[in-house]
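Trainee: With full-length UniProt numbering applied, the sequence shown has no gaps in its numbers, which climb one by one up to 171 at the end.
Glycine included, C-beta positions come from ideal geometry on N, C-alpha and C.
In this text the structure is predicted, and so the values were computed from the model without any measurement.
What follows is a structure written as structure tokens; I'll ask about it next.
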Amino acid sequence: MLRTVALISLVSFSGYGIAHNHQHDGHQHGAHQHAQHNSASLQVSNAKIRAFLPAAKSTAGYMTINNGTKESVTIVKAKIEGLGRVEIHEHIHSNGMMKMQPVKKLVVPANGQVEFKPGGYHLMGFEPKVKLKVGETRKLTLYFSNGEKVENEIKVVSLKDAFSSESHHHH
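Below, the structure written as structure tokens:
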């Protein structure tokens, strides 16, 4: 009887340890330091890309990237399934004009976020291999300078829908 109670206690305690460790995946604990970020700590939300307008050579994509890690991360590249090329761009104000320019590296601060939105950072998609159809989802892959990549779905939306969840005070 005592052996059974000891065995049950040991199994229960081991189960607790496994559950406890599973709950804390992605966190750093003493000897279990990770060289790379756990991608579960990098989250992409509200990812959407506009379907190409007739005769358009490019389209724009938006999302929010949340970095739940204790270190900043740097995005160096993005890919969207079915597009030949994807670039990270930003809008800047220069000499009273608004310009768009490519960004080679974009830092997402530790415990912070970067929002891709009209008038700011955004993805530019080029060279569709397969037509983007409103309502479908494609695979989005973000590549980071530390060699990590994060995959997510990006939803294809119409021009009208791309702005529907954005605020109406653009400059």
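Where in the segment 139–166 do unbroken runs of the beta strand (DSSP E), each at least 3 residues long, occur, reported from the N-terminal end onward?
Mentor: Within the segment 139–166, the complete beta strand (DSSP E) runs of at least 3 residues are 149–157.
Trainee: Using the rule of at least 16 other Cβ atoms within 10 Å of the residue's Cβ for burial, across every protein chain shown, is Ser41 buried or exposed?
Mentor: Under this definition Ser41 is a buried residue.
Trainee: Per the contact definition of three or more C-beta pairs closer than 8 angstroms, is the segment 129–140 in contact with the segment 102–114?
Mentor: In short, these stretches do not touch, since the Cβ pair count stays below three.
Trainee: Take every Cβ of the segment 151–160, pair it with every Cβ of the segment 107–121, and state whether three or more of those distances are shorter than 8 angstroms.
Mentor: With the cut-off at 8 angstroms, the segment 151–160 and the segment 107–121 do not touch.
Trainee: In the DSSP assignment, what are the bridge partners of Phe126?
Mentor: Ser58 and Arg85.
Trainee: Give the secondary structure of Ser72 by DSSP, where H, G and I count as helix, E and B as strand, and everything else as coil.
Mentor: In this structure, Ser72 counts as coil in the three-state DSSP scheme.
Trainee: Give me the residue from Asp161, Ala56, Ser158 and Tyr121 with the minimum Cα distance to Ile65.
Mentor: When only C-alpha atoms are compared, the closest one is Tyr121.
Trainee: Between Tyr62 and Lys79, how many whole angstroms is the CB-CB distance? I'm expecting something under 8 angstroms.
Mentor: 16 angstroms between Cβ atoms; not a contact.
Trainee: Grab me the residues of Thr141's own chain with a C-beta within less than 6 angstroms of its C-beta, minus the 5 sequence neighbours each way, in chain order.
Mentor: Counting only Cβ-Cβ distances below 6 angstroms, and skipping sequence neighbours, we find Lys79, Lys149 and Glu151.
Trainee: Closest to Lys117 by CA distance: which of Ile88, Phe52 and Thr69 is it?
Mentor: With distances taken between Cα atoms, Lys117 lies closest to Ile88.
Trainee: Can you give me the C-alpha to C-alpha distance between Asn95 and Gln101, rounded to a whole angstrom?
Mentor: Asn95 and Gln101: Cα-Cα distance of roughly 15 angstroms.
Trainee: Following the continuous beta strand (DSSP E) through Ala47, name the residue where it begins and the one where it ends.
Mentor: That run of the beta strand (DSSP E) goes Leu42 to Arg50.
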